[in-house]
Each structure stands twice: as structure tokens, then as C-alpha cells.
Amino acid sequence: MNSPLFEKSDLKSLDHLLSSGIVVLVPNFQCARQLQDAFFHFRKEPINELPNIQAVDLWINDLWQKLAQDYSDPRLYKITLNSSEEQRLWLQVISEAGHDWHKQGSARLASMALRTMLLWETDLSHLRHSALISGDDKQAGVIFSSWAEEFNRLCLALGVQTQSAMLLSLIGMLEETLELPKGMEQSGYCLYGFDDPPPAYIKLFNTLEKLGLSRHSLHFIPCKPLQRIISCPSLEEEIAQATEWAEQLLRDDPNCFVGIISPDTASTAGIVGTQWRRQNLLSRKGLVREMRSLADHSLGNGMLLCLNFAQHTLNTLEISSLLRSPWLSKKLRQSCLNDKLDYILRQNEEQQIPVSHFIYQLQSLKQSHPDNVTLIKISEAVLLYRQQNKKSAEALNYWLEHFNKLWDAFFPNDEIEATAPNDFLKTLQDFKTKLFTSVIRPEICTFAEALLYVREAIFNYIISEQRQSAPVMLLSPTEAAGLHFTHCWVLQMNESQWPIQQNPAQLLPLNFQKQHQMPGTNRSSELAKSKAILHGLTLSTTNEVCYSYSRYEDDQEQLSSGLLPDLTHEKKFKGKLPRRMHPSILKQLGEELEYRPDESRLPLLPSSNTTGGASLLGDQADCSFRAFGKHRLKTTPLAEPSYGLSHSAGGLLLHKIFEYLWNRLHSSDELLSLGEVKLNEIVLACIENAIDEIAKKHPMTMLARYKQLQSERLHSLVLRFLELEKQRSPFIRGGKPEQDLFWKYNNLTLSMRSDRIDLQEGEYIVVDYKSSKSRPFNWLDQRLTDPQLPLYALAIEQAGMGKVAGILHAWVHHFEPKYTGVCRDPESYPKLGLSEQKFNKNNLSWNELLTLWETHMSKLAESYLNGDIRVNPLNTQSCRYCHLKALCRISERDPDRETQTEAAQEELFLSENDESRHSNNDSVSKVTYSEKIIKGGHNV
Amino acid sequence: MSEILPYDHKARQTALDPTQSFCVSAPAGSGKTELLTQRFLQLLCICSEPQNILAFTFTRKAATQMRTRILHALFKAKDFLSAHGSNYQSALEQVEDHKKKTLILAISVLDRNEKLGWELMSNSARLRINTIDSFNAWLTSRLPFAAGFGARPKLEADLSTLYSETIQDLLEEMEQKTMASSNTEAKIQRENRVEMGLAETL
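These protein sequence lines map, in sequence, to chains F and U.
Taking our numbering, the leading residue of the first sequence gets 14, the next gets one more, and so forth.
Taking our numbering, the leading residue of the second sequence gets -14, the next gets one more, and so forth.
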């Protein structure tokens, strides 16, 4: 079977190179392993030894060892420190310098700074010189060079050197000897997967070339994968998507090799790692030895967990996993001890438990199971370990013995031998030996210092283990260099993460670093590097590259990286939807809520009481769901507080005035016959009566001064309107003011009350007062949202009271009092002609109008009676003041509606505001901005 | 498109003068961030490197908002230029007054971005818009000697665990001094009680 990652021709050229005795040098173990794997696939027949594909650092070490065999130069006797030992030595230097610093972190920084200096071919003389000429960085330059001098002195005294110093020594010695080490089988070398190696590496290879080691190149055919951009709501969702995608790929093709690339692997490793470990059940051909930290092995991890018994609290799950480790569970499984302990620890569902509580439980179980040796050993070891914790400084070996006892209790040797394959026990013993004999270590130290030393040693001890390779890998962009994938997902493609930010070495002067073009000092080159990494990923991925970014972090909007290719951004969300999510977020997620049609209920029972009058059919026309909720279920909105007299009370006041007035007057002739003084007197009396009546209901608002102001405002308003009334053709009062009317349809009876009915030339004119702007009327539409006046007309005709000749809205506005509506004789009503044209666009005759209304009203009534509960708002205005929005969930089904409604509100407000600019004098109790929005136009 | 200029139009224009310093005090929603965005764009028009300009906010939310606004302004300007080409001046007349200023500044920044090769659109990390806390953290990491920290200690948002550990250490120390050795079980129970009591107190 061919490798899914490489073309056959690629592997042929690799085979050709290897057969010619050329070593292929790659940046890391993973890369070497992948190429070796592919080579096994390609060769098919068994191969006795690993192909000569090596990680560059290992190869350099090998070169050093070969030189040591040939020459007796004292430089070759030096021991090369690993990173942990190097940092320990730095720790000593910084501690002796007497700074009250964060020493561990500073030792790491110092180690990195010196490494950068050496790999970029600078030495302390450069640094000192830079410090002299650069005032700003003087302190850093002077201090760090004195530290580095001290570090070098210590290395010399101990006969040790750092990895980077070893590299420079190697170059120096090769230049001096002018010949390649004996026993170097390679005739040439080939670098593969390096983007931009440091100058020291380049110098080494140049030197090797001078000495006769030929340089070769290895180029694979660039891939042309499908590229996609996935936009996710959050980082968590990004990770979930990526891992789910990887799982799916593995299900479909177990031979695929998936890379998940993240610039911040620390934050993503946990979640992705869990997913991919679950999938790591696949076998691969070829034997590969993997190098990894002891801490990453379950036993090393267990050793670290044991050390945590020195703390006050422990993670419950971690203790639980320790008790269930393969080396302990067998011994504890007798009498189900591990289950009992696990249950006891986790029964309170606390994330952290006190260690003392754990010990107490161990002691209790020990009493009930005195014959379980493992339990007794564990119990005593933990107790002893904690007691020793309190002691002052001791020799390091004292503490190491102490830790060893604890480990022996938790990881019995016989069990390790039985359960851990691949001579792991030997590896473990080697580690312990190294721990006890390390050159760089504190002699006398406290418990805490010893603990730190051991922890670091576990993390830095690299074990070589034969295991199957993982088909899904989470890698940082630099770790991915040189690797090939069938599928690749690049996480966190946000502008804050890509281009990748690389910081310069903190302890070195910045100008010095810039001068020597050290990494992280030039933004343009960093950008170019990020571009190269992304380009490299595309070239080495055979099938598909997905880039993802999160649109939000917490509630903050995030932007995508400018390095993304110019492709459509797919919005995906496959996670569980929260129970209630704002429509705009749902829209962002590209997800819709499930919609289950539920459009009718039981028809209205004949015995049911109907309330609401004309508004019932108005609501039905506006939205069936609202009519059902409001009139059949009798839902009412919560009362809203308002300052001053509410709109409805204001409207009622005006109604009352006209009711009193037309109780006094009986006809237009009587109105015309009144002198100015008399009319004033009557109007004032009516206003006074009305105000008194309303004041009874609003005693706290209608105080004396307020009453006076209202009286003055209403007096002028009513007189002005009466001027309009005087211009009408003669009429007499057709019924009493506030006349009760009824309209019936099957078992539905609507009870209504007209404001005024006039009798003009033997026919009725129905008048309704309006004091503020309301929604436009649509009396010709099938869904009449303001059916009040047409219904009055129908009710009068239905009751056989007589013929109706018109329906009118009387606008009692200070700015422009007017009549609007439709009637047989528009000439009788000033300014009505225009209004009628507007309302009666189809030029229907009066009788045709009545028939039309009858039909439409019947349909609406029928729909209500049948229990229609569809959420079918007529337009965006329909939902503006609806109190049932949370129940009908229209906004969730149509997220744009909310914006449209807001726009409609805005528009209406502006028009209202525009009008109020002209009618400022009308308003004694000015409503606030927000009140206007809430209350809006109101029908008095 | 001409519209009525806000009464503080002149003050807003003056606040964009990069040769002077200003303190802008205005109510919420009055356009302070917009003004700051404009000033940032104005400064980008004259600086040699984008990272030479530093914008502080007090919250991460504001920093993100500010950053987003500047980038949006640049992207909008880019779209505007590609839509109208070299004759964009006449199209500018159609833009509303309050948006025009930002657009003009963003167009100038794009020009400078092109000339100096900043690649701001793909390398927006060059815009230094930070919270004051993140700036301080950055500063201490850049000046390890002057700050006296060495490596910057990890910032801990929740200190309750540290308080708890400190008090427990203190009590243990006191116990060791005052109490003679006692049987193990009693000691464990005492330790439990102390921890539980403290946990409640904390």
C-alpha cells in the first residue's frame, strides 16, 4: 500500500538519496518518523535497519561523539548539558547575583538568551560593545554579560557545556582539523523541512561542505489541497469542530494523517488531545522509536502526581486516576478498595479535596482491611512524605530517597515489569540513577527545592519508546515544519494570533538583537515567516486544508487574520444550542430553531364571553396569535409606569369634554347660535367637569396647578375644533353621546361604544375622536387593522337604526384640526375630500364599501371563531407593541424582523417628533422620549 | 452629502491635531471612540512605524472595539478605493460628513501603508492598542532588569487558592510550634477542621 502522504515519485527520489549513502536531516523527530514510515510503505519488503533520516540535533550529537573517538582535545571531554541542567546552572548564577527575582523563569530566559546569542554567532564581546554604545540598553547589556561570564566560568569549572556551545565547538574543531570524523559513512547530506535555520547551523553545513560532505536537495511535488475557511462563534467551538472533523476523517479513512495546527497549543492541547487519544487505535507499518518526555508517559505522570501529596489540596480526578493506574489497581482491586476510595473521594463532587481528607480515608480503610499490604504501604508512604515536608534543608539525596519510597509504594516494581512492555522498568531505573548522580544539582536544599528539581528532571528526561504513531497530531506551526498531512486544520486564524508573534530575547538589549537580526526583532520578516509557514502547510497537505477562526472571545467580536486566503467564510455551528439564544447570535451561527407548525385550537364555544369590542377584529387582522392570546386567553401586558397623566387618561379627558358638550348641545344650529362668551362659558364648564371626573382617578397627578394648565390647553383646543364643526353642513345629534352598539356574527357579539353619532339629512355620520397620530388606516384591505368605524357603521345598519352616510375621524389637534374618513357627501366636511381619495383609492361607492367591510369583518370573525392561532403579523408595525412576542417567538424565526421593527419605530418616532415640533403648545404634560416610543400613537 | 454639523465639530477637528495633546471628556455614546479612532488614523499618517503609536484603554472590551474600528475603517477604505478607482474624490462628496473624515484618514493610511510596506491589513499586530494592564505586563517583560522581576511572573486573576495556602501554612507553622506530637488520627482530624473552617471563612 502506498503512503497517502507522498507521491510515488517523491519516495523514489528519497530512496535514491538514501541508497547513495546520503543522510536526510529534518527539523524534528516527528518529521524523521514520518519520512521513515513513508519509506517503509514504499519499500514494502522488510528492512532490517532504520533508514538514515535523522533529526538534525541528534545527528550533530552523533558527529560530536565521533569526533571524541578520534581526537584527544580537552574540549571533547566536556559533558553536554540538557536544557534542564542548563537552566539549573543559570538558576545558581542568578541566585548568587542576589536579585530578588522570579528565579525559575529568569533562568529559562537567560538560557534562551545565551542560546540565541550563540546560534546567531555573537559573543559576549559583541554584547559588551553594544552596551557601551547604546545608552538605553546599557543596564541589560552589562548585567547579562556579567551573568553569562559567571555561567561560562561555572561550566568550565564543572567541565560541562551547553548544546549551542557544543555546536560552536564542533564547528571550530572541524575548521581546525580540516577533515571529517572517521567512521562517517555519509557521502553527503540533505536538508529537508527547514524554513530558516539559525546562522550557526548554516555555518556548520558550509564547513562540512568545505570538508567534502556534498549537499543534496530533496523536493517533493507540491500538493494542491482543497482549501476552506470556517468561521466559528468561539475558540471552544473551533476546537470541537476540528476534532469532530478529524474523527470523521479517521472513520472514513484510517490511513489519513491529520494535523491540527494551533499557535497556542498550551490552551488547545487538553481538548484536542482527549479526542485524538480516543482515536489512536490504528496500526501502522514500520517500527518507529519515539522520543518523548517521561512526564508524558502515564508512569511519569503518576510520579508527578504522587509528588503533589505535599500540597494541601489535590485534584479529585487526578487522585482517582492514580488509584486506578494499572500498577496499583490490581493490588487494590481485592475487596474493591480502589472503587471504595474513588467513591468516597468523588461523592461530594468537589474538584479539589484536602490531602488530609484523603489520608484520613486511607487510615480508615487500613483499619477495616488490615491484610492489604499495598494499602498499608501507600498509607504510610504518604503520611511519611507529608511529615518530612516540614523539615529544613537537607542533602538532595536524602530527599530523593524519600521520593523514591513514595514512588515504590505507588508503582511496585513487580507490577511495572508485568504491565509495562518494552523494558520500561529499565528506563525508569536509568532515570532514577541519573537523578541520583547528576552533575548539575543542588547539594543541600529544602524540600520545596528538591521537589522542583525532581519535577523538572521528570519533564526533561527523554525516553525512547516504541509505539504506534498518532494519526491526529496537535502541533504548533513551527513543530509542523517539514511534516506532511493528508488533512490539516489551522486553528485560531484570528488577526491577534496570525501572523505568529515571536518575542525577542527578553534579557538581551533590543538594539543588539536587531543589529544581529535575531528572531522576533523584525516584524516584516516575522510576517514573511508566518506566510511561509502557511504556504508550507498548503504545499505539504494532500487533500484538504481548513482554516478556522472564532468570531467572538467572551462577548468581544474578533477579526479574522489578514493572512487567510481569499475564500468564502463558511459559518458552522454543530454544538448544542443553548436553551435560549438571541436571534442575532443564531443568525451569526447560521442556525435556525426547529419550527413546528401549530396553527389552530378549538373553535370558540357559543357560551364564551367576548371582550374587546372592535379591537378584537383589529387584533385578528394584525395577527391571529395576538387575538387569540389577548381575547381568548385574556392575557394582558404588565402595567408600565408613566410620569404625569398617561396617554389613555389624556384621551379619556378629551372624550369626556365632548361628551359633556354634546349632552348640552343638540345640533349644529345650537352651536352656531351661541355667542362667543356663552360658548366659552359652556366649554369651560364641560372642561371643569371632565377634569374633576378624571382627577378622582388620578388625585396625585391632577393637582391644582396641573388642572389649571390642562384646562387652559383644552379650552383653546376644543374651541379651535368647534370652529371646524361650525363649518359643517347642519346636523343634529343622532343618538346620545357614547352610544352602545353591537355587531353580531354567528355566536360572536362585539360590544362597542361610539364617540358620537350625528344625523345629517336623515342619515347617520359616525364620529370618532383622535388626539394623536396613529397607524395609517387600510379600510380597503382584507385585514382591517382599524375596523372600529366600519364596524360601527355595520352595527348601526345591522340594528336597523337607519342608514349610515359616513364614518369620520375627528382629529382634535391644535395644529391642524380636521376630519378624515369616508362619507357620501365629502363637501360637508372641510378638508375631507383629500382624505377620502386617500382612503378610497378604488373609488368604491358607499354601498360597495359597506358590502366590502361586511365581507372582510365576517372573514376575520370566522377566523377568530375557528381558533386560528397562526403567528401571521400583517407587517413590522404589528409587533411593535405586542406583549406576546416572547411567546410567539417571531424574532427567533425571523431575526431580521427585530431590526425592521426598530427601524419602523425609529421612522414613526421621527414623524411623530416632527409633528410635535409644530404642536409644542398642545402639550402641557410633555411625554419623555422613551414614553413616546412606548406609548406611540393612541386612539382616544 | 451635506448635513448639519454637530455643535462640537470644531472641537473634534482640533482634537485631531497630532502636534497637541488633548483631554476629551464627553458623555457615553457621543463619539469618543470614533474620535480616538480618527486620531489614531491621523497619527498613522505621519508616523514611520505603526508600532510607534500606543493607544491605551482600561478594558479589554474597549481595546478590542478600538482595534476592530480601526481595521474596519481601513478595510472600508480599501473597498471604497477598489469600487471607485482613482476618481474616488467625487465619490467622497456623497459620503455622509461624519463618516467622510474617517474615510479620508483611512485612505491616507492605506497610501502610507503601501509606500512604507507596513502590510497592516495582514499584520495588524503592529497596531499597539492595549489595555493598560497588558501594556504594563509587556513593559515589564521588555525591561526585566529595570522592572526588577526578571521573568515576568504569571498573572493570577483568582488569588483565593494562594490566600488559602498561605493561611494554612501559617496555621501549620503555629501548630508545630505550640503543640507537642499527638496521635496521627487526631492530627488529621484537626487539620480537616482547620481547612474546612478556613474554606468557609474564605
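All C-beta atoms, glycine included, are put in the ideal place defined by N, C-alpha and C.
Are residue i and residue j touching if we call contact CB-CB under 8 Å?
i, j, result
"LEU730 (chain F)", "HIS660 (chain F)", "no"
"VAL39 (chain F)", "ALA68 (chain F)", "yes"
"TYR202 (chain F)", "ARG228 (chain F)", "yes"
"MET316 (chain F)", "ILE476 (chain F)", "no"
"ILE704 (chain F)", "LEU666 (chain F)", "yes"
"GLY663 (chain F)", "LYS643 (chain F)", "no"
"ILE114 (chain U)", "MET51 (chain U)", "yes"
"MET870 (chain F)", "TYR805 (chain F)", "no"
"VAL395 (chain F)", "ILE372 (chain F)", "yes"
"ALA957 (chain F)", "LEU550 (chain F)", "Not covered by the structure: residue 957 (chain F). The range shown for chain F is 14 to 953."
"TRP502 (chain F)", "ALA279 (chain F)", "no"
"ILE273 (chain F)", "THR326 (chain F)", "no"
"CYS559 (chain F)", "ARG241 (chain F)", "yes"
"THR623 (chain F)", "LEU630 (chain F)", "no"
"HIS896 (chain F)", "PHE134 (chain U)", "no"
"PRO616 (chain F)", "GLY880 (chain F)", "yes"
"MET531 (chain F)", "THR129 (chain F)", "yes"
"LEU504 (chain F)", "SER275 (chain F)", "yes"
"ILE453 (chain F)", "LEU122 (chain F)", "no"
"TYR782 (chain F)", "ALA823 (chain F)", "yes"
So, at 6 Å on beta carbons, what are the nonlocal neighbours of residue i in its own chain, with the 5 sequence-adjacent residues on each side left out?
i, result
"ILE770 (chain F)", "GLY747, GLY748, GLN752, TYR777, VAL779"
"ALA259 (chain F)", "VAL271, VAL485"
"PHE19 (chain F)", "ALA51"
"PHE498 (chain F)", "PHE270, GLY272, THR554"
"ALA545 (chain F)", "ASP208"
"LEU318 (chain F)", "GLU331, LEU335"
My assumption, with CB atoms under 8 Å, is that residue i sits in contact with residue j. Please give the rounded CB distance.
i, j, result
"GLU134 (chain F)", "LYS25 (chain F)", "Actually they do not touch by this definition, with Cβ atoms about 38 Å apart."
"SER7 (chain F)", "LEU375 (chain F)", "Nothing can be reported for residue 7 (chain F), as the shown portion of chain F is limited to 14 through 953."
"LEU90 (chain U)", "GLN27 (chain U)", "6 Å"
"PHE322 (chain F)", "VAL368 (chain F)", "6 Å"
"ALA153 (chain F)", "LEU521 (chain F)", "7 Å"
"PHE449 (chain F)", "GLN401 (chain F)", "At roughly 17 Å, the Cβ-Cβ gap does not stay under 8 Å, so PHE449 (chain F) and GLN401 (chain F) are not in contact."
"LEU88 (chain U)", "LEU105 (chain U)", "Not confirmed; about 16 Å, so no contact."
Which residues in the same chain as residue i place their Cβ atom closer than 7 Å to its Cβ, once the five residues preceding and following it in sequence are excluded?
i, result
"GLN633 (chain F)", "ALA640, LEU873, SER876, TYR877"
"LEU20 (chain U)", "ARG(-3), ALA0, VAL9"
"SER126 (chain U)", "ARG137"
"TYR90 (chain F)", "GLY172"
Using 10 angstroms around the beta-carbon of residue i, count the other beta-carbons present and answer buried if the total reaches 16, otherwise exposed.
i, result
"ILE670 (chain F)", "buried"
"THR555 (chain F)", "buried"
"GLN773 (chain F)", "buried"
"GLY111 (chain F)", "exposed"
"ASN41 (chain F)", "buried"
"PRO712 (chain F)", "exposed"
"PHE53 (chain F)", "buried"
"PRO3 (chain U)", "exposed"
"ALA165 (chain U)", "Reliability of the predicted coordinates at ALA165 (chain U) is poor, the pLDDT of 48 falling under 50, and no value is obtained from them."
"ARG46 (chain F)", "buried"
Beta-carbon within less than 8 Å of residue i's beta-carbon, same chain only, minus the 5 sequence neighbours each way: which residues are those?
i, result
"GLU810 (chain F)", "LYS816, VAL817, LEU863"
With hydrogens ignored, establish whether the beta-carbon of residue i is closer than 7 Å to any heavy atom of the ligand HEM.
i, result
"LEU487 (chain F)", "This structure lacks the ligand HEM, and indeed carries no ligand of any kind."
Exercise. Select from the stretch 135 to 151 of chain U all residues with a C-beta closer than 9 Å to any C-beta belonging to chain F, and list them in chain order.
Key: GLY135, ALA136, ARG137, PRO138, LYS139, THR146, SER149, GLU150
Quiz item: Along the stretch 103 to 121 of chain U, what residues have a CB closer than 9 Å to any CB found in chain F?
Solution: TRP103, GLU104, LEU105, MET106, SER107, ASN108, SER109, ALA110, ARG111
Practice problem: Scan the stretch 686 to 700 of chain F for residues whose Cβ lies nearer than 7 Å to a Cβ of chain U and list them as they occur along the chain. | Solution: none
Exercise. Using a Cβ-Cβ cut-off of less than 8 Å, list which residues of the stretch 1 to 19 of chain U approach chain F; keep chain order.
Key: none
Self-check item: Residues from the stretch 52 to 77 of chain U in contact with chain F, defined by Cβ distance under 7 Å
Solution: THR53, LEU56
Quiz item: When Cβ atoms are compared, which residues of the stretch 507 to 519 of chain F fall closer than 8 Å to chain U?
Solution: GLU508, SER509, PRO512, GLN514, ASN516, GLN519
Exercise. For the stretch 522 to 555 of chain F, enumerate the residues whose C-beta is nearer than 9 Å to any C-beta of chain U, in chain order.
Key: LEU523, ARG536, SER537, GLU539, LEU540, SER543, LYS544
Quiz item: Name the residues in the stretch 861 to 879 of chain F whose C-beta lies less than 9 Å from a C-beta of chain U; which are they?
Solution: none
Self-check item: Residues in the stretch 83 to 105 of chain U having any Cβ partner in chain F nearer than 9 Å
Solution: GLY102, TRP103, GLU104, LEU105
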